[in-house]
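Just below is one structure, and these are the notes that go with it.
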Amino acid sequence: MTAQALTWSACPVCEAREAASYVSFPELEFGRCTTCGVVYKRSEQADIRPAEFYEKAYFHGRKSGRDKRFEHRVRKAMRQLAGPLRFIQARSLLDIGCSFGYIIEAGRRLGLESAGSDISQYAVGVCQERGFRAKVASLEQLPFETGEFDIVMMRHVLEHTPHPKQALQEVTRVLSPGGVVMVAVPDLHYWKGDYRRKTYRYFRPDDLGQQHYVYYSDDTLRQLLESSGFEVLSQSKAIFQETRAKKNPLWRLGESLRFGGVWAWTQTARMLRMRREIVCIARKRA
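For the sequence shown, counting from 1, position 252 maps to 254 in my numbering; every step adds exactly one.
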């Protein structure tokens, strides 16, 4: 590492300082905490990410109004929102890392007052052109009022900060009493990330290693959330959609079959280490 390297000496989850090297490149190194087992970036070159890293090129050159998969992504987001909506009668939603506004639009279609934030000026600009309420912000400093939102969505953003506890402190601040957060992060135990550490994209400095700081397991994500003032409600994509099932007995049967299939697949994928992401829903403690 050069003299300009950035370093992190403490585990972002348990704050222990002892770690074993997990994978190392000339540009960066990941270590594994010997206390809780989380894998986190311990050092990297200071200039590994250009100043404009998260701007237009990051989004593959898409232009406003030309995102052909917008409707598909919105419908997918509506299904994802069924998870937190199972646990709270919500009126408002914040999507952190909102990209082009898929979850914001999904929330609007579900009757929620929706807003978003992103570190990218380009992404926020696209959202604003679409008429969405969106602001440029870091994970650790959100420009919204205390207690403003009933649901906060954090899909594949928590791994982008070396300071997840600070980020979650901001989430607890903007959440209303009893508010719910949904977090999705890459699964540390996905087999490629473990057995192909040098070649798989999780850690390579020319890929996700360039932008990700922490890789979580089920246990370490739960530990982080609980230590940050949350009660974990669910750690599965399998959510029984009660509203849908109430329509009639056939819908309930269909929803039961769907739920059972998703639950069985997620459990199998976890055991075989084929699961690429962890999804967790947690409630802000009083």
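Heads up, the beta-carbon is just placed ideally off N, CA and C, and yes, glycines get one too. Here the structure is a predicted model, which means the values were calculated and not measured.
For residue 21: DSSP bridge partner residues: Beta-bridge partners of residue 21 (DSSP): 35.
Neighbourhood of residue 170 by C-beta distance below 6 Å, restricted to the same chain and skipping five residues each side: Excluding sequence neighbours, residue 170 sits near 230.
Short Cβ contact (8 Å threshold) for residue 181 with residue 286: Note that the C-beta distance between residue 181 and residue 286 is below 8 Å.
Residue environment, residue 163, which counts as buried when at least 16 other CB atoms sit within 10 Å: When all chains shown are included, residue 163 counts as buried.
Contained alpha helix (DSSP H) runs [length at least 4] in the stretch 56-124, N- to C-terminal order: The stretch 56-124 is shown to contain whole alpha helix (DSSP H) runs of 4 or more residues at 72-87, 104-111, in chain order.
Secondary structure, alpha helix (DSSP H): runs of 4+ residues fully inside the stretch 165-248: The stretch 165-248 is shown to contain whole alpha helix (DSSP H) runs of 4 or more residues at 166-176, 193-197, 220-229, 244-247, in chain order.
Test item: CB-CB of residue 41 and residue 24 under 8 Å: Yes; because the gap between Cβ atoms is below 8 Å, this pair is in contact.
Expected contact under 8 Å - CB spacing of residue 44 and residue 21 to nearest Å: About 6 Å separates the Cβ atoms of residue 44 and residue 21, confirming a contact at the 8 Å cut-off.
Bridge partner(s) assigned by DSSP for residue 50: Paired residue(s): none; residue 50 is not in a bridge.
Bridge-paired residues (DSSP) for residue 140: For residue 140, which the question treats as bridged, DSSP gives the partners 143.
C-alpha gap between residue 144 and residue 172, whole angstroms: Those two C-alpha atoms are separated by around 7 Å.
Sub-8 Å separation of residue 126 and residue 150 beta-carbons: Contact: no.
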